[in-house]
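>
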Amino acid sequence: MAPVEASVQQYLSFQLGGLEYALDFRKVQELRPLKALERFATDGEIVSGVAVSRGVIMPIVDMRIAFGPRPERHDPMTDVVILKLSSCVMGMVVDGVTDIVSLSAEQIQPIPDAGDGQSVDYLLGLGEVDGRRLIVVDIDRLMSIRKVPVGARQAA
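In my numbering, the protein residues as written are 1399 to 1554.
This is the structure in structure tokens:
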């Protein structure tokens, strides 16, 4: 009886570009509406600046832009998920947080091969709960991807 319960994990589900994603709820520090963050700098396309939350200065990554072209205006549903990753604390802007779901390992199926032979290591699988399909992501791996322009230096 205990092993079955141990295999169930909680995930935060959120909307992004018309799809629903899920990430390990243990990585979530807090949820904030975008307008509630004290943003004191803005820079870049995907990194939309830095903000202060509970005295911590953190980068804010706009996942709406990272996952496709998105208008700059924010609607009331725009949320920021404050993440406590293995390397830092950061904010992730999403279209909206849906809820918290429980998934067992059996409910998460591998992502079908796209046919190009390339796998995306931050996609853990497709979860299904209450008739909803969730793209389960490893948020640490996703946020460690760096896109560096040619000639730019990359800080360690």
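Beta carbons are placed, not taken as given, at the ideal position from N, Cα and C, and that holds for glycine.
Given a threshold of 16 other Cβ atoms within 10 Å of its Cβ, counted over all protein chains shown, does A1554 qualify as buried or as exposed?
Position 156 of the sequence shown holds residue 1554. Summary for A1554: the model assigns pLDDT 36, below 50, so the residue's position carries little reliability; its value from the coordinates is reported in the next sentence. Burial call: exposed.
> In three-state DSSP terms, what is F1465?
The sequence position of residue 1465 within the sequence shown is 67, counting from 1. Correct three-state label for F1465: coil.
> What distance in whole Å lies between the Cβ atoms of S1502 and S1405, which are believed to be in contact at a cut-off of 8 Å?
The sequence position of residue 1405 within the sequence shown is 7, counting from 1. The sequence position of residue 1502 within the sequence shown is 104, counting from 1. Right, the Cβ-Cβ distance comes to about 5 Å (below 8 Å), so this counts as a contact.
> Pop quiz: V1491 and M1461 are said to be a contact at Cβ under 8 Å. What is the actual Cβ separation, rounded to whole angstroms?
Taking the first residue of the sequence shown as position 1, residue 1491 is located at position 93. Taking the first residue of the sequence shown as position 1, residue 1461 is located at position 63. Yes, V1491 and M1461 are in contact; Cβ-Cβ is about 6 Å, under 8 Å.
> Looking only at DSSP bridge pairs, what is I1498 linked to?
As a first step, residue 1498 is located in the sequence shown; it is residue number 100 there, counting from the start. Beta-bridge pairing links I1498 to L1410.
> Go ahead and pull the three-state DSSP assignment for M1541.
Position 143 of the sequence shown, counted from the first residue, corresponds to residue 1541. The answer is helix: DSSP assigns M1541 an H, G or I state.
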